[in-house]
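Novice: Questions regarding the structure given below will be posed in turn.
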Amino acid sequence: MRVLVVGASGLIGQHVVERLRALGHGATTAARTARDGVDHALDATRASGAEFRALMAGHDGVVFAAGADDREVPRGPAYPVFHRGNVAPVVRLLTAAREEGLTRAVVLGSYYTHFHREHPGWRLTERHPYIRSRVEQARLGRVAAGPDLPVAVLELPFVFGRARDREPNWAGPLDRWARSRSPLLAPPGGSAATTARCVAEVAVDALERASGEDIPVSGENLTWSGMIGRVAGAAGHPRPVRRLPGAVVRAALWATWAAHAARGRQSGLDPRHLGDLLLRELFIPPTRPESLDPAIAETFPRDRR
Numbered sequence: 089m090r091v092l093v094v095g096a097s098g099l100i101g102q103h104v105v106e107r108l109r110a111l112g113h114g115a116t117t118a119a120r121t122a123r124d125g126v127d128h129a130l131d132a133t134r135a136s137g138a139e140f141r142a143l144m145a146g147h148d149g150v151v152f153a154a155g156a157d158d159r160e161v162p163r164g165p166a167y168p169v170f171h172r173g174n175v176a177p178v179v180r181l182l183t184a185a186r187e188e189g190l191t192r193a194v195v196l197g198s199y200y201t202h203f204h205r206e207h208p209g210w211r212l213t214e215r216h217p218y219i220r221s222r223v224e225q226a227r228l229g230r231v232a233a234g235p236d237l238p239v240a241v242l243e244l245p246f247v248f249g250r251a252r253d254r255e256p257n258w259a260g261p262l263d264r265w266a267r268s269r270s271p272l273l274a275p276p277g278g279s280a281a282t283t284a285r286c287v288a289e290v291a292v293d294a295l296e297r298a299s300g301e302d303i304p305v306s307g308e309n310l311t312w313s314g315m316i317g318r319v320a321g322a323a324g325h326p327r328p329v330r331r332l333p334g335a336v337v338r339a340a341l342w343a344t345w346a347a348h349a350a351r352g353r354q355s356g357l358d359p360r361h362l363g364d365l366l367l368r369e370l371f372i373p374p375t376r377p378e379s380l381d382p383a384i385a386e387t388f389p390r391d392r393r
């Protein structure tokens with residue numbers, strides 16, 4: 089099997105490439121910036137269908153491991169920005185894959201699509217432009233692929249791990265906090281979590297099976313208190329994690345929304361409703377149970393320089 093990996097220089101993309109090659113498959117790599125290990129410099133948000141087809145010739149499958157980050161706070165309205173980053177490139181990519189005769193595809197998405205499906209009453213797509221883009225990415229991508237090209241959508245929670253100089257995009261601020269003298273505070277609630285290595289294993293397995301499923305990926309469910317405490321311990325600065333009242337979190341989020349609105353900005357995750365998510369236990373029954381301690385230690389090494 090030969091696979092094109094779009095976003096191959098990212099944390100998960102690098103692990104996918106490594107996993108493919110370890111199992112004897114071929115991997116062609118594409119990423120926005122030219123660097124060692126990248127076969128083709130390609131901005132997926134700007135690439136045309138013809139450019140995608142040119143890269144796919146002779147391939148069996150494709151992985152989309154790129155996209156717009158949920159932390160972006162563009163000028164409002166925000167949805168067009170997330171559509172350009174998450175939906176439009178996947179539609180062009182999978183249209184090209186169908187036209188080129190590929191037989192399998194994987195899109196790395198978000199576990200918010202899982203909760204949208206399981207809890208429609210939460211109105212996630214109405215409230216959060218980023219989540220709407222991820223739901224539309226899966227739906228319209230499959231429409232573009234057609235019935236003969238199965239598309240597996242991996243619904244990813246927090247991902248721990250490292251690949252060369254790449255780390256999770258949310259890790260930097262948490263690392264600095266964990267190593268500081270500041271007290272550790274955590275609200276109620278928590279999240280499913282997994283590792284970049286596990287995501288790569290699931291992605292390659294889905295390619296080998298030509299799966300067209302929605303696949304939530306989870307290794308452990310962590311309370312926010314447990315996650316922050318384990319991060320601080322891995323970083324070499326263990327200390328108690330104190331409870332942060334949910335009302336304080338909601339007030340801070342509303343203040344954040346007001347600051348964004350004053351500057352004409354709109355977040356991908358609307359702070360006015362974000363407390364409804366952050367203060368829940370966004371848990372998923374572990375699909376590949378594993379201890380996250382080694383990946384947490386890799387993400388937040390004690391001897392970081």
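Under my numbering, the first residue of the sequence shown carries the number 89, and numbering increases by one thereafter.
The beta carbon of each residue, even a glycine, is placed where N, CA and C say it ideally should be.
Using the Cα positions of Gly164 and Asp358, report the straight-line distance between them to the nearest angstrom.
Specialist: 12 Å
Novice: CA-CA distance, Val306 and Leu244?
Specialist: Looking at the sequence provided, one finds Ser at residue 306 rather than Val. Ser306 and Leu244 have their alpha carbons spaced roughly 8 Å apart.
Novice: Straight-line CA distance for Leu295 to Gly101?
Specialist: 14 Å
Novice: So the alpha helix (DSSP H) Thr183 belongs to, where does it begin and stop?
Specialist: Thr183 -> alpha helix (DSSP H) spans Ala176 to Glu188.
Novice: Mind checking who Ala156 pairs with in its DSSP beta bridge?
Specialist: Ala156 is not bridged to any residue.
Novice: Would you report the Cα separation of Gly125 and Ser97, rounded to the nearest angstrom?
Specialist: 8 Å
Novice: When you compare only the Cα positions, how much space is there between Ala154 and Gly95?
Specialist: 5 Å
Novice: Please identify the residue among Arg360, Arg123, Ile372 and Leu332 whose C-alpha is closest to the C-alpha of Trp342.
Specialist: That would be Arg360, whose Cα lies nearest to the Cα of Trp342.
Novice: Only counting the same chain, and skipping five residues up and downstream in sequence, which positions put a Cβ closer than 7 Å to that of His320?
Specialist: Residue identity differs from the one stated: residue 320 is Ala in this sequence, not His. Excluding sequence neighbours, Ala320 sits near Ala266, Leu272, Pro326 and Arg327.
Novice: Specify, as a first and last residue, the run of the beta strand (DSSP E) that Ser198 falls within.
Specialist: Arg192 to Ser198
Novice: Please find out if some non-hydrogen atom of the ligand COA comes closer than 8 Å to the beta-carbon of Gln225.
Specialist: This structure lacks the ligand COA, and indeed carries no ligand of any kind.
Novice: In this structure, does DSSP put Pro276 in helix, strand or coil?
Specialist: coil
Novice: Quick one: is Pro275 buried, meaning 16 or more other Cβ sit within 10 Å of its Cβ, or exposed?
Specialist: Around the beta carbon of Pro275, a 10 Å sphere encloses 16 or more other beta carbons of the protein chains shown; the residue is thus reported as buried.
Novice: What residues in its chain sit with their C-beta under 6 Å from that of Thr311, if we drop five residues either side in the sequence?
Specialist: Gly278
Novice: On the DSSP letters alone, give me the boundaries of the beta strand (DSSP E) that Ile303 sits inside.
Specialist: Residues Asp302 to Pro304.
Novice: Quick check on DSSP: helix, strand or coil for Glu206?
Specialist: helix
Novice: With a 10 Å radius around its C-beta and 16 neighbouring C-beta atoms as the bar for buried, classify Asp158 as buried or exposed.
Specialist: buried
Novice: By DSSP, does Phe248 sit in helix, in strand, or in coil?
Specialist: Three-state DSSP puts Phe248 in a strand.
Novice: In the structure shown, what three-state DSSP assignment does Ala115 receive?
Specialist: Reduced to three states, the DSSP call for Ala115 is strand.
Novice: In the DSSP assignment, find the unbroken beta strand (DSSP E) run with Glu308 in it and report its ends.
Specialist: Glu308 -> beta strand (DSSP E) spans Glu308 to Thr311.
Novice: Please determine if the segment 213 to 230 and the segment 166 to 177 are in contact, where contact requires at least 3 C-beta pairs separated by less than 8 Å.
Specialist: yes
Novice: Please report the distance separating the alpha-carbon of Arg252 from that of Glu206.
Specialist: 36 Å
Novice: Tell me, please, which residues DSSP counts as bridged to Arg267.
Specialist: Answer is none; Arg267 lacks a bridge partner.
Novice: Exposed or buried, Val336, counting other C-beta atoms within 10 Å across all chains shown (16 or more means buried)?
Specialist: exposed
Novice: Spatial neighbours of Val247 within its chain, please: CB distance less than 8 Å, with the 5 preceding and 5 following residues excluded, ordered by chain position.
Specialist: Counting only residues of its own chain and dropping the five nearest sequence neighbours on each side, Val247 has a CB closer than 8 Å to the CB of Leu99, Ile100, Pro256, Ala281, Thr282, Thr283, Ala284 and Val287.
Novice: Tell me where the beta strand (DSSP E) around Arg90 begins and ends.
Specialist: Element bounds for Arg90: Arg90 to Val94.
Novice: Return the residue from the list Gly334, Arg141 and Glu386 that minimises the CA-CA distance to Leu365.
Specialist: Gly334
Novice: Examine chain B for any beta-carbon lying closer than 9 Å to the beta-carbon of Pro177, and answer yes or no.
Specialist: Going by chain labels, chain B is absent from the structure shown, which holds only one protein chain.
Novice: How long is the line joining the alpha carbons of Glu386 and Leu362, rounded to whole angstroms?
Specialist: 29 Å
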